[in-house]
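Chemist: First, the structure itself, so that you have it in front of you.
Right, dumping it as structure tokens:
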């Protein structure tokens, strides 16, 4: 049951993490009329007599994309989170990432959306003339697009090194560095229970559980987008608990989210396993 709850918790986090990065409220889920998948829209600023352009926020779940269309007045997309696709008719698909600005020129047919494995959020600045929808983009054509290099080795290595440093900080009881790493809303799941950041730091500082040594046998890293990473460690942990050294085999799940320039640990879950356990790569 505990394993099921952990899996369910991680599933919910991976599905909703893109929504937590929306600058404005997600708004309402749009009916699937001219798009495939789940897209939430918020009208941030409506055009009026003074300001002729409107601003809307679109939050697209992984695998969601618009059909081919054009804007008579043009449109600008300000990518605020995640990774997505943009393509103009007759041109190659381009990858758009947080921080990019996409200029959809007037009357140029195009489509845009999330990638199959990562969500994308953007602000759309549009003129008063309604969008003109043209052709349907099929799921088959969408699935033929090569995935962008989100799961790059440099990002994986960065998280692996951060995880390795975390084990050392826990062994050294370096609560200052751990306090900076742990997200304020982070949770920790152990064999004896679960608790939040303050309790975990207290346990480490007082030595109630002294994580003396984590012998890491295997590591798997899965990147969901540039800002969301899950790492699994297969470890043999030697911990000092209630006056005794205890050695236990664990698979440890670590959920990381990037905030600004820093990675934050949202979840640390210990799952007791046999010493023959292997992590699927």
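In mature numbering (1 follows the signal peptide of the UniProt record, and there is no 0), the protein residues as written are -19 to -1, 1 to 262.
For each residue, glycine too, the CB sits at the ideal point set by N, CA and C.
1) Provide the residue span of the beta strand (DSSP E) that contains residue 168, from first to last.
2) Tell me, to the nearest whole angstrom, how far the beta carbon of residue 204 is from that of residue 210; I am working on the premise that it is less than 8 angstroms.
3) Taking the CB atoms as reference points, tell me whether residue 47 and residue 37 lie closer together than 7 angstroms.
4) Residue 257 by DSSP, collapsed to three states: which one?
5) Do you know how far the Cα of residue 165 is from the Cα of residue 159?
6) Mapping DSSP to helix, strand and coil, what is residue 156?
7) By the DSSP assignment, the beta strand (DSSP E) with residue 215 in it spans what residues?
8) If you follow the beta strand (DSSP E) that residue 120 is in, where does it begin and where does it stop?
9) By alpha-carbon positions, which one of 176, 67 and 110 ends up nearest to residue 127?
10) Out of 111, 177, 150 and 93, which has the shortest C-alpha to C-alpha gap to residue 72?
11) Can you name the start and end residues of the beta strand (DSSP E) that residue 203 belongs to?
12) Compare the beta carbon distance of residue 140 and residue 202 with 7 angstroms and say whether it is the shorter of the two.
13) Give the secondary structure of residue 225 by DSSP, where H, G and I count as helix, E and B as strand, and everything else as coil.
Modeler: Well, looking at it:
1) First-last of the beta strand (DSSP E) with residue 168: 163 to 171.
2) Confirmed, about 5 angstroms.
3) Their beta carbons are not under 7 angstroms apart, which means residue 47 does not touch residue 37 by this criterion.
4) Residue state, collapsed to three classes: coil.
5) Each residue's alpha carbon lies about 11 angstroms from the other.
6) Of the three classes helix, strand and coil, the one that applies to residue 156 here is helix, per DSSP.
7) For residue 215, the enclosing beta strand (DSSP E) has its first and last residue at 209 to 222.
8) Careful: residue 120 lies outside any beta strand (DSSP E), inside the alpha helix (DSSP H) at 120 to 124.
9) It is 67 whose Cα lies nearest to the Cα of residue 127.
10) Taking only the C-alpha atoms, the option nearest residue 72 is 93.
11) From DSSP, the beta strand (DSSP E) with residue 203 extends over 190 to 206.
12) When the beta-carbon positions are compared, residue 140 and residue 202 come within less than 7 angstroms of each other.
13) When DSSP states are grouped into helix, strand and coil, residue 225 belongs to the strand group.
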